[in-house]
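Notes follow once the structure below has been shown.
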Amino acid sequence: LHDTPHHIVRIPPQAAAVLNSKDKAPYIIYVEVVEVEDIQSSPVVARAMNSLRHTRSEENLLSSMNNYSNGNHAEGEETTDNWSQEDDDISQQYLQLRKPVVERDTLSQLSQESSDSREPPMFAAGDIRRRLSESFHDIRPFTYDPEDPSAAALKEPWEEKQRRIKESSPYGYMSTWQLLSVIVKCGDDLRQELLASQLLTMLQRIWEAERVPLWVQPYRILVFSNDSGLIEPILNTVSLHQIKKHCQLSLGEYFAQEFGESNSESFLTAQRNFVQSCAAYCLVCYLVQVKDRHNGNILLDGEGHLIHIDFGFILSTSPRNLGFETSPFKLTPEFVEVMGGQGSDMFEYFKILILQGMVAARKHMDKIITLVEIMRLGSQLPCFKSGAATVQGLKNRFHLNLTEEQLQLLVDGLVESSIHSLSTKLYDGFQYFTNGIL
1 LHDTPHHIVR
11 IPPQAAAVLN
21 SKDKAPYIIY
31 VEVVEVEDIQ
41 SSPVVARAMN
51 SLRHTRSEEN
61 LLSSMNNYSN
71 GNHAEGEETT
81 DNWSQEDDDI
91 SQQYLQLRKP
101 VVERDTLSQL
111 SQESSDSREP
121 PMFAAGDIRR
131 RLSESFHDIR
141 PFTYDPEDPS
151 AAALKEPWEE
161 KQRRIKESSP
171 YGYMSTWQLL
181 SVIVKCGDDL
191 RQELLASQLL
201 TMLQRIWEAE
211 RVPLWVQPYR
221 ILVFSNDSGL
231 IEPILNTVSL
241 HQIKKHCQLS
251 LGEYFAQEFG
261 ESNSESFLTA
271 QRNFVQSCAA
281 YCLVCYLVQV
291 KDRHNGNILL
301 DGEGHLIHID
311 FGFILSTSPR
321 NLGFETSPFK
331 LTPEFVEVMG
341 GQGSDMFEYF
351 KILILQGMVA
361 ARKHMDKIIT
371 LVEIMRLGSQ
381 LPCFKSGAAT
391 VQGLKNRFHL
401 NLTEEQLQLL
411 VDGLVESSIH
421 SLSTKLYDGF
431 QYFTNGIL
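So the sequence shown is numbered by full-length UniProt numbering: it starts at 1 and just counts up by one.
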């Protein structure tokens, strides 16, 4: 899941969290790695010493770590200390004491640095605007919930999490230190997830080649067996369920809270990201027949993108094989509210994007069909239970017999029926009463 050669040096246990699931217990872990040029020839990474981490001043700590990384540590010093849970606790206390220093005003830090260097600071107009926007629209954390411990962990910005874990890590002094994350799943066949990820990647490349501004986020999957594997988490995201549970706001209200007033630059950028991603995933859900679209399987990232996850029910299969979700895709009135409502410019842009995405996908339909055909042959995956009819149904959803004008009317009908879909409302209600998903 990480291309650069690296050594795994530590897995901080206190950072792990169990994800929200009724039947199983998937969990997310964070892995500290040190990137190297060659895994075979690179030496084993040494830990920073306890005496350096806890008994010296902050200035000496940084100085000693720099000397240590350059190989200038004193001869005969102990370098194989054991990192324990007690060390983690001490580090956390140390970080709490340092917090006021770390969280000083950004301009004060810049002023101090500029006075030390005797050089006048240079600022770009875009950087100033970004800093002001960030200062007025800080990301608000979720409070810890023992029933959903992953919510607070996933809401924390990735850069902040990296900084926090690095400062308490015995390997944080290394210049090539990196933090990775991975979701561990057991009891699920991730081969269907892998197929869906491959289809997402293919559609992403098609739309990029055709210059259609649709946005999707494929994620990497490593399959261990027919019931276990690893999934790459999507950073800086929370589910719509977690938003409703922890903020008790509608999606439109949450957008205003996170991105500012509806006429602000940050809000308009997030709104455009939402429309481009929502249109892309609506088209994916229609073509691939993605089901089980409750609010726990739909994420929102820190830039406003809507992201679908968990593709365990695609093509010929649905939850409990009931075929309950009959709408072309999930498009709720809340989604439309974020776009500005029906009839708004962004809503019309949303429909145009679906049309453009469909036209582009039709040009490259053979690539998509070939991938599905290869995966179907000899496969026992549930998504291919209908056999050749599965592939034929996929072909039919490209509507090669329609002109672009007829295709536009079809898209308008798909959007309208999805907004007013009774099955979507009933399925969301079913998920609430059975699994507590809002």
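Just so it is clear, CB atoms sit at the ideal spot from N, CA and C, and this is done for glycine as well.
### Message
Can you tell me whether Ser-225 is buried or exposed? The criterion is at least 16 other CB atoms within 10 Å of its CB, across all chains shown.
### Response
Counting from one through the sequence shown, the residue named residue 225 turns up at place 225. Label assigned to Ser-225: exposed.
### Message
Please report the straight-line C-alpha distance between His-137 and Thr-332, rounded to a whole angstrom.
### Response
Counted from its first residue, the sequence shown places residue 137 at position 137. Counted from its first residue, the sequence shown places residue 332 at position 332. Model confidence at His-137 stands at a pLDDT of 48, short of 50, so the residue's coordinates are unreliable; what they give is reported in the following sentence. If I take the Cα positions, the gap works out to 26 angstroms.
### Task
Name, in chain order, the residues that DSSP records as bridge partners for Ser-21.
By one-based count along the sequence shown, residue 21 stands at place 21. Note: Ser-21 sits in no beta bridge, so no partner.
### Query
According to DSSP, is Asp-428 helix, strand or coil?
Translated into positions along the sequence shown, residue 428 becomes position 428. Three-state DSSP puts Asp-428 in a helix.
### Task
Indicate the three-state DSSP secondary structure (helix, strand or coil) for Leu-306 in the structure shown.
Here residue 306 refers to the residue found at position 306 when the sequence shown is read from its first residue. Three-state DSSP puts Leu-306 in a strand.
### Query
What residue from Leu-249, Glu-208, Lys-245, Val-288 has the CA that sits closest to Tyr-432's CA?
Here the question's residue 432 lines up with position 432 in the sequence shown. For the residues Leu-249, Glu-208, Lys-245, Val-288, the minimum Cα distance to Tyr-432 belongs to Lys-245.
### Residue span of the beta strand (DSSP E) that contains Tyr-27, given as start and end
Translated into the one-based positions of the sequence shown, residue 27 becomes position 27. Membership of Tyr-27 in the beta strand (DSSP E) is indicated by the continuous run 27-35.
### Message
Let's see if you can read the secondary structure: which residues bound the alpha helix (DSSP H) around Phe-224?
### Response
On the sequence shown, residue 224 is found 224 positions in, with the first residue counted as 1. Segment 221-225 is the beta strand (DSSP E) holding Phe-224; no alpha helix (DSSP H) there.
### Task
To the nearest angstrom, report how far apart Asp-292 and Leu-154 are at their CA atoms.
Within the sequence shown, residue 292 is the residue found at index 292, counting from 1. Within the sequence shown, residue 154 is the residue found at index 154, counting from 1. Roughly 22 angstroms between the two C-alpha positions.
### Query
Taking contact to mean at least 3 C-beta pairs separated by less than 8 angstroms, is the stretch 275-287 in contact with the stretch 335-354?
They touch, by the three-pair rule.
#### Entry: Host beta strand (DSSP E) of Asp-366 (start-end)
Start at 1 with the first residue of the sequence shown, and residue 366 comes out as number 366. Run containing Asp-366: none in the beta strand (DSSP E); it sits in the alpha helix (DSSP H), 365-376.
### Query
Three-state secondary structure (DSSP) at Arg-163?
Locating residue 163 in the sequence shown gives position 163, counting from the first residue. Arg-163 falls in the helix class under three-state DSSP.
### Task
Just tell me which of Lys-24, His-7, Pro-12 has its CA closest to the CA of Val-45.
Here the question's residue 45 lines up with position 45 in the sequence shown. Closest option to Val-45, Cα to Cα, is His-7.
#### Entry: Beta-carbon proximity of Leu-287 to Leu-402, cut-off 8 angstroms
Taking the sequence shown and counting its residues from 1, the one referred to as residue 287 is at position 287. Taking the sequence shown and counting its residues from 1, the one referred to as residue 402 is at position 402. Contact: no.
### Local Cβ density within 10 Å of Thr-237, reported as buried at 16 or more and exposed below that
Taking the sequence shown and counting its residues from 1, one reaches residue 237 at position 237. Thr-237 comes out buried.
### Task
With distances taken Cα to Cα, identify the nearest neighbour of Ile-369 among Ala-388, Gln-406, Leu-240, Leu-381.
Taking the sequence shown and counting its residues from 1, the one referred to as residue 369 is at position 369. Residue Ala-388 is the option with its Cα nearest to Ile-369.
### Query
Per DSSP, what kind of secondary structure is Thr-317 in: helix, strand or coil?
On the sequence shown, residue 317 is found 317 positions in, with the first residue counted as 1. DSSP places Thr-317 in coil when its eight states are reduced to three.
### Message
Quick check: is the beta carbon of Leu-214 nearer than 8 angstroms to any beta carbon in chain D?
### Response
Included in the structure is just one protein chain, with no chain D present.
### Task
With a 10 Å radius around its C-beta and 16 neighbouring C-beta atoms as the bar for buried, classify Asn-297 as buried or exposed.
For the purposes of this step, residue 297 is taken as residue 297 along the sequence shown, with counting starting at 1. By the neighbour-count rule (16 or more Cβ atoms within 10 Å), Asn-297 is buried.
### Query
How about the stretch 178-185 and the stretch 23-35: do they share at least three Cβ pairs that are nearer than 8 angstroms?
yes
### Task
Determine the burial state of Asp-189: buried for a count of at least 16 other Cβ atoms within 10 Å of its Cβ, exposed for fewer.
The residue labelled residue 189 in the question sits at position 189 within the sequence shown. Buried, because 16 or more other Cβ atoms sit within 10 Å of the Cβ of Asp-189.
### Query
If you run the structure through DSSP and keep just helix, strand and coil, what is Val-238?
Sequence index remark: in the sequence shown, residue 238 carries index 238 (1-based). Three-state DSSP puts Val-238 in a strand.
#### Entry: Under the three-state DSSP convention, the category Leu-283 falls into
Position 283 of the sequence shown, counting from 1, holds the residue named residue 283. Helix.
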